[in-house]
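Numbering (my numbering), first residue to last: 4 to 178. Built from N, CA and C at the ideal position, the CB exists for glycine as well.
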Amino acid sequence: MEYPNSFIKSVLFEFDRYKTMGDKTFLQLNESDIHWKLSESDNSIALIVKHMSGNMLSRWTNFLTEDGEKLWRNRENEFVQPYQSKEEMLVAWEAGWQCLFNALNSVSPENFNTIIKIRNEEHSIVQAVNRQLAHYSSHVGQIVLLGKMIKADKWTSLSIPKGESERFNKDLFKR
């Protein structure tokens with residue numbers, strides 16, 4: 004059966020792409036940058052990562068057999084007391100993504116039709132995965148935007164820099 008395998012391969016690629024965008028942002032940030040907020044009511048990068056990691060560990064631990072909203076998760080705590088160091092934040096970031104990738108790699112044609120529950124709401128695997136892909140991509144977008152705001156003119160673009168589209172396309176189509 005091709006569909007389950009091609010779907011999982013496709014979403015693994017997309018999740019990896021968003022993780023890489025976060026990784027490349029973190030490489031440009033220092034210890035104080037991860038705590039920067041525009042205003043007191045905003046979330047810093049360290050808080051966004053804390054939330055993402057908590058969500059990932061909850062959603063993807065025992066993905067096929069347990070509700071994605073674990074009893075041990077304290078979502079409200081994810082938005083207070085950010086990680087104290089960049090190293091601590093990166094450890095949590097990696098743990099969340101590893102949990103996600105392990106769960107997705109456990110999906111097979113034999114279990115692809117398993118019903119997944121998130122907060123006691125039933126989802127197909129496709130629905131559950133797409134829900135999380137949309138959630139994480141929005142947060143990675145926030146992380147990238149915050150990184151870009153923090154670094155300003157010292158920011159290294161993660162995509163085609165402004166004014167470089169024509170050159171990029173020429174180079175791409177030469178191959």
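- Here Ala98 is exposed, its C-beta having fewer than 16 other C-beta atoms within 10 Å.
- As computed with DSSP, Glu125 is found in a beta bridge with Lys120.
- With contacts defined by Cβ atoms closer than 8 Å, Ala131 and Ile121 form a contacting pair.
- Between the C-alpha atoms of Ile163 and Ile146 there is a straight-line separation of about 18 Å.
- Assignment of Pro112 by DSSP, reduced to helix, strand and coil, places it in the coil class.
- Secondary structure at Glu43: coil, using DSSP grouped into helix, strand and coil.
- Gly71: not part of any alpha helix (DSSP H); DSSP gives it neither H nor E.
- In this structure, the alpha-carbon of Phe176 lies about 14 Å from that of Glu167.
- A straight line joining the alpha-carbon of Gly144 with that of Glu72 spans about 23 Å.
- In the displayed model, Leu60 falls within a helix according to three-state DSSP.
- Collapsing the DSSP output to three states places Pro7 in a helix.
- Within a 10 Å sphere around the beta-carbon of Trp96 sit 16 or more other beta-carbons, which makes this residue buried.
- In this structure, DSSP gives Gln84 a state outside helix and strand, which the three-state scheme calls coil.
- DSSP, read as helix, strand or coil, puts Thr28 in helix.
- With contacts defined as CB atoms closer than 8 Å, Glu43 and Ser88 fail to qualify as a contacting pair.
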